[in-house]
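J.:
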Ligand code: SF4
Ligand code: FES
């Protein structure tokens, strides 16, 4: 069942009880087991779990063993749904062995990622037997583990489709098509926000946002008419304004959020609706 299907069933969700490492926890029926573990502060390492996207199971780090009818089966907890009586364990010798090899692979894949180093060290893995893949030209700073979250956020959440997987096999990287600046990027930064290894970088330089990780794609920033500051990518500022009532939109269109707030507060006070010191009886 996809996230959309789960939410389309509507109404109050049925409560079930799941067992993790021998302890019982409440959950919504169909809830992602890794989500339950995160909520209950049960440590299961994970990289590619993002609650706003459908589960994908790319990084394989979140393995658990499901115990059913006396048998055990390893599966990713980010694709496992809570059901009455579900029982899992998180740290069996088989899981630890599998996970440690994955940590070694990720240490080699993303040798500059402090996030990976710290996560692996928490589970006792500080070295890798695999060849380190250091690339001095890598626009993701040798921190990318190819989990695909940035690509999915750009495509499925923002609808921009500005980045994707480029090349094949061991040469696969994430970038813009043909490693060229793209007009499809809004400069929203969703890619950077979801990246579990903090590999994606961008910076605001004057009137432009420069997506340094994405072939130096440049996105114009909107400027506030009141304070003169650049505050958000123009395309995003325009699409946000589309949700505001026309009369208000006209008044605040060219203002940054701070000046917008001040203008609205000033208008409220002048109209006697401010609820400030002078308005109580
Ligand atoms: S840049 Fe970050 S989010 Fe994108 S694939 Fe690499 S690790 Fe995943
Ligand atoms: S978080 Fe489950 S496979 Fe990545």
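Numbering (the working numbering), first residue to last: 409 to 689.
Beta carbons: idealized from backbone N, C-alpha and C, even for Gly.
Since the structure is predicted, the reported quantities are computational estimates derived from the model, not experimental observations.
#1: Taking residue 482 as the reference, which of 434, 470 and 556 has the closest Cα?
#2: Just checking: is the beta-carbon of residue 622 within a distance shorter than 8 Å of some beta-carbon in chain D?
#3: Using only alpha-carbon positions, find the residue among 514, 547 and 490 that is nearest to residue 474.
#4: Can you tell me the Cβ-Cβ gap for residue 634 and residue 555, rounded? I've got them flagged as a contact below 8 Å.
#5: So residue 607 and residue 549 are supposed to be a Cβ contact under 8 Å. How far apart are they, rounded?
#6: Whose C-beta lies closer than 8 Å to the C-beta of residue 465 among residues of the same chain, with five residues either side of it excluded?
#7: Tell whether a beta-carbon distance below 8 Å holds between residue 572 and residue 585.
#8: My guess is that residue 514 and residue 553 are in contact by the Cβ rule of under 8 Å, so how many angstroms apart are they, rounded?
#9: Under three-state DSSP, which class holds residue 594?
#10: I want to check one thing, is the minimum distance from the CB of residue 605 to the heavy atoms of ligand 1 below 7 Å?
#11: DSSP three-state call for residue 483: helix, strand or coil?
#12: For residue 522 and residue 480, what's the separation of their Cα atoms in angstroms?
#13: How many angstroms separate the CA atom of residue 700 from the CA atom of residue 426?
#14: What are the partner residues of residue 619, as DSSP defines its beta bridges?
#15: Quick one: using the 10 Å Cβ neighbour count with 16 as the cut-off for buried, is residue 429 buried or exposed?
#16: Can you list, in chain order, the residues of its chain with a C-beta nearer than 8 Å to that of residue 623? Leave out the 5 residues immediately preceding and following it.
#17: Quick check on the DSSP output: the beta strand (DSSP E) that includes residue 434 runs from which residue to which?
#18: Can the beta-carbon of residue 642 be found less than 8 Å from the beta-carbon of residue 650?
#19: Are residue 600 and residue 610 closer than 8 Å when you measure CB to CB?
#20: Buried or exposed, going by whether 16 or more other CB atoms sit within 10 Å of the CB of residue 668?
#21: Residue 545 by DSSP, collapsed to three states: which one?
#22: In angstroms with no decimal places, state the Cα-to-Cα distance between residue 477 and residue 495.
#23: Taking DSSP's pairing of strands, which residues face residue 612 in a bridge?
#24: Please work out which residues of its chain come closer than 6 Å, Cβ to Cβ, to residue 637, disregarding the five sequence neighbours upstream and downstream, and give them in chain order.
#25: Could you check which residue in 647, 519 and 443 has the C-alpha nearest to that of residue 454?
#26: What does residue 583 pair with, by DSSP beta-bridge criteria?
T.: To lay it out plainly:
#1: Counted from its first residue, the chain shown places residue 482 at position 74. Measuring from the Cα of residue 482, the nearest candidate turns out to be 470.
#2: Reference to chain D is not applicable here, since this structure consists of a single protein chain.
#3: Sequence index remark: in the chain shown, residue 474 carries index 66 (1-based). Ranking 514, 547 and 490 by Cα distance to residue 474 puts 490 first.
#4: On the chain shown, residue 634 is found 226 positions in, with the first residue counted as 1. On the chain shown, residue 555 is found 147 positions in, with the first residue counted as 1. At roughly 41 Å, the Cβ-Cβ gap does not stay under 8 Å, so residue 634 and residue 555 are not in contact.
#5: If you number the chain shown from 1, residue 607 lands on position 199. If you number the chain shown from 1, residue 549 lands on position 141. Right, the Cβ-Cβ distance comes to about 6 Å (below 8 Å), so this counts as a contact.
#6: Locating residue 465 in the chain shown gives position 57, where the first residue counts as 1. Hits under 8 Å: 456, 484, 486 and 487.
#7: Mapped onto the chain shown, residue 572 falls at position 164. Mapped onto the chain shown, residue 585 falls at position 177. It is a contact, given that the beta carbons lie within the stated cut-off.
#8: For this step, residue 514 is matched to residue 106 along the chain shown. For this step, residue 553 is matched to residue 145 along the chain shown. Between residue 553 and residue 514 the Cβ distance is about 5 Å, and since that is below 8 Å, they are a contact.
#9: Locating residue 594 in the chain shown gives position 186, where the first residue counts as 1. Three-state result, residue 594: coil.
#10: Mapped onto the chain shown, residue 605 falls at position 197. Answer for residue 605: yes, Cβ within range of ligand 1.
#11: For the purposes of this step, residue 483 is identified with residue 75 of the chain shown, where counting begins at 1. Reduced to three states, the DSSP call for residue 483 is strand.
#12: Taking the chain shown and counting its residues from 1, one reaches residue 522 at position 114. Taking the chain shown and counting its residues from 1, one reaches residue 480 at position 72. So the two alpha carbons sit approximately 34 Å from each other.
#13: Residue numbering for the chain in the displayed model covers 409 to 689; residue 700 lies beyond these limits and cannot be assessed.
#14: On the chain shown, residue 619 is found 211 positions in, with the first residue counted as 1. Its beta-bridge partners are 625.
#15: Reading the chain shown from its first residue, position 21 is the one you call residue 429. Residue environment: residue 429 is assigned as exposed (fewer than 16 neighbouring CB atoms within 10 Å of its CB, all protein chains considered).
#16: Taking the chain shown and counting its residues from 1, the one referred to as residue 623 is at position 215. Only residues of its own chain outside the window of five on either side were considered, and among them 547, 583, 584, 587, 588, 589 and 590 have a CB closer than 8 Å to the CB of residue 623, listed in chain order.
#17: What you label residue 434 is simply residue 26 of the chain shown in a count that begins at 1. Segment 431-436, the beta strand (DSSP E) holding residue 434.
#18: Within the chain shown, the letter at position 234 stands for residue 642. Within the chain shown, the letter at position 242 stands for residue 650. The Cβ-Cβ distance between residue 642 and residue 650 does not fall below 8 Å.
#19: In the chain shown, residue 600 corresponds to position 192, counting from 1. In the chain shown, residue 610 corresponds to position 202, counting from 1. Yes; because the gap between Cβ atoms is below 8 Å, this pair is in contact.
#20: The count along the chain shown starts at 1 and reaches residue 668 at position 260. Buried.
#21: In the chain shown, residue 545 corresponds to position 137, counting from 1. Three-state result, residue 545: coil.
#22: Counting from one through the chain shown, the residue named residue 477 turns up at place 69. Counting from one through the chain shown, the residue named residue 495 turns up at place 87. Answer to the nearest angstrom: the Cα atoms are 10 Å apart.
#23: On the chain shown, residue 612 is found 204 positions in, with the first residue counted as 1. DSSP lists 617 as partners of residue 612.
#24: Here residue 637 refers to the residue found at position 229 when the chain shown is read from its first residue. Only 664 meet the Cβ criterion.
#25: For the purposes of this step, residue 454 is identified with residue 46 of the chain shown, where counting begins at 1. It is 443.
#26: For this step, residue 583 is matched to residue 175 along the chain shown. 572, per the DSSP bridge assignment.
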